[in-house]
Amino acid sequence: MLPQNVNGEDNQLIERRQTRAFCSWDTFHLDIIGAAALHTATWQGDSGIVEYLLEEGLDPDVADNAANLDLPDNDSVTPLQLVIHTNDITMLQLMLNHHQLVATHQGEDFAGSVLMTAVDEGALPTVKLLLEEGYVRVDYQNAVGETAMHRALFKCKPEITALLRSLEEPFGWALLGTTSGESCLHYAARYSSSNELGPLLDFYRHWSREESLDAGESNAFAELIRRVDSTTSTPLFVAATSMANSPDDRITKTRLLLDAGGKLLGASPFLVAKSSSSMVLSEEVQQCLGLWSRECAEDSLDDVTRFCLKYLVIVESAHLESSGHYNYEVVNTFVSSVHSADSMPLLLSLPFDCSAVSLLLTLVETLGTQLNHSLLLALHRELVDAWPSRVHRFHSGRKGQYKLNFQEDVSTLL
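In the UniProt record's numbering, the protein residues as written are 1 to 414.
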């Protein structure tokens with residue numbers, strides 16, 4: 001019933017004004033909770049109203065929120081999320097069938113947007129419907145290049161990752177990377193638990209065997225597990241330096257990747273310094289040694305301090321040719337400091353003489369053996385493998401070569 005016309009207004013005029021105020025789809029919302037018309041219809045499970053809203057919706061490019069399924073209420077919940085939360089397949093199919101009237105974030109494909117939302121929410125029935133009914137392909141990528149597998153790994157949704165691995169034709173996403181070059185293995189190494197990484201590695205082994213048989217190749221899995229992103233980081237490097245998970249989980253993940261043949265370094269660990277007579281370690285090597293030495297110093301401070309001292313002698317050797325002796329004052333000051341492990345990042349960034357590389361390699365191996373640190377030992381192996389390829393290029397343009405033999409100097413300092 002219309003309210004009493006206390007001002008003598010025409011009843012039809014009042015009705016028209018109320019219709020504009022409460023039933024216009026471009027303005028109607030519940031102010032108290034910030035809910036749009038689609039929120040209200042979705043809450044009620046009224047597919048008839050939802051269908052009417054979508055059929056009467058304006059052009060998605062028009063500044064109108066009536067058909068925007070990504071419009072959040074004050075609790076940051078969108079109508080689409082409500083449908084997915086409740087696993088209302090009928091309502092979801094209705095929205096999918098009217099996708100041409102629905103505005104999506106950044107203009108993405110609607111079914112693809114629904115897939116990503118469903119993965120994030122862990123809505124297994126919705127994901128199965130979208131993929132099995134062909135609403136969206138499994139290799140769909142969002143604006144930053146993520147696939148459904150990327151999102152499932154990022155959100156730690158094991159039921160979704162298991163579904164994606166079990167599809168009859170799941171390989172569409174296997175080689176896809178994000179806009180920053182991160183593969184699914186990069187995401188698993190950074191965000192997921194070891195319980196997720198193991199099955200993913202098994203999946204890639206199986207996939208690579210089939211690919212290798214078809215292409216007559218034998219190293220598809222090795223290439224995949226050593227693939228680098230835009231920062232030249234490998235999955236093993238990501239797992240070994242990520243602080244996102246617990247130390248125990250990180251150890252387990254790095255062991256899985258090492259056993260699978262993963263490599264820490266995606267680029268040369270030795271870089272020529274500004275002075276042609278010296279070199280520096282790459283940022284990746286510096287990050288590894290700095291992080292692991294600080295962690296190990298908590299239980300093995302003496303071993304780490306000894307490593308730092310010997311490394312400092314290597315750095316001092318870069319100045320030996322001009323001075324003829326070591327700066328023992330600097331060495332003693334460093335040794336007396338209780339913060340030697342904290343000084344490692346600065347120490348590792350300093351240049352060293354090429355002739356001292358053999359001792360540097362020995363230092364890394366010794367520390368890894370003393371601490372039973374599998375990653376340090378793996379890093380040592382990669383440094384050894386990488387160094388011969390640099391020797392000829394480094395020495396070919398140098399004159400007046402000299403050999404350093406300062407093992408006795410190091411021994412006397414310890």
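Cβ atoms here follow ideal geometry from the backbone N, Cα and C, with glycine treated the same way.
Only residues of its own chain outside the window of five on either side were considered, and among them Leu-164, Trp-173, Cys-184 have a CB closer than 6 Å to the CB of Met-149, listed in chain order. Taking the Cα positions, Ser-230 is about 5 Å away from Gly-181.
If you ignore the 5 residues before and after Gln-286, its C-beta comes within less than 8 Å of the C-beta of Pro-345, Leu-348, Ser-349, all in its own chain and listed in chain order. For Lys-157, the CB contacts under 7 Å within the same chain, skipping 5 residues up- and downstream, are Val-119, Gly-122 in chain order. Below 8 Å, too few C-beta pairs join the segment 376 to 384 and the segment 308 to 315 to call them touching: fewer than three. The residue from Thr-126, Pro-125, Leu-167 with its alpha-carbon nearest to that of Asp-139 is Leu-167. The closest CA to that of Gln-81, considering only Thr-126, Asn-97, Asp-109, is found on Thr-126.
Cβ-Cβ distances below 6 Å link Thr-178 to Val-144, Gly-145, Glu-146 in the same chain, with the five nearest sequence neighbours on each side left out; the list follows chain order.
Annotation for Met-116: the continuous alpha helix (DSSP H) segment containing it runs 110 to 121.
Counting of Cβ neighbours within 10 angstroms places Ala-244 among the exposed residues, the total staying below 16. Taken atom to atom, the span from the alpha-carbon of Pro-235 to that of Arg-381 is near 17 Å. Secondary structure in the segment 130 to 207: the alpha helix (DSSP H) runs of 4 residues or longer, each lying completely within the stretch, are 148 to 154, 158 to 166, 184 to 191 in chain order. Between Leu-271 and Ser-282, the CB-CB gap stays under 9 Å.
Nearest neighbour of Gly-262 by Cα position, chosen from Thr-86, Phe-237, Tyr-191, turns out to be Phe-237. Here Gly-134 is exposed. Its C-beta has fewer than 16 other C-beta atoms within 10 Å. Remark: C-beta atoms of Leu-367 and Asp-303 approach each other more closely than 9 Å. Around the CB of Glu-284, 16 or more other CB atoms lie within 10 Å, so the residue is classed as buried. Residue nearest to Gly-112 within the set Glu-132, Asn-142, Asn-97, Leu-129 is Asn-142 (criterion: CA-CA distance). Contact between Thr-232 and Ala-267 holds, with the beta-carbon distance rounding to 4 Å and staying under 8 Å. Using a Cβ distance threshold of 9 Å, Leu-257 and Leu-197 count as a contacting pair.
In the three-state reduction of the DSSP assignment, Val-228 falls in the coil class.
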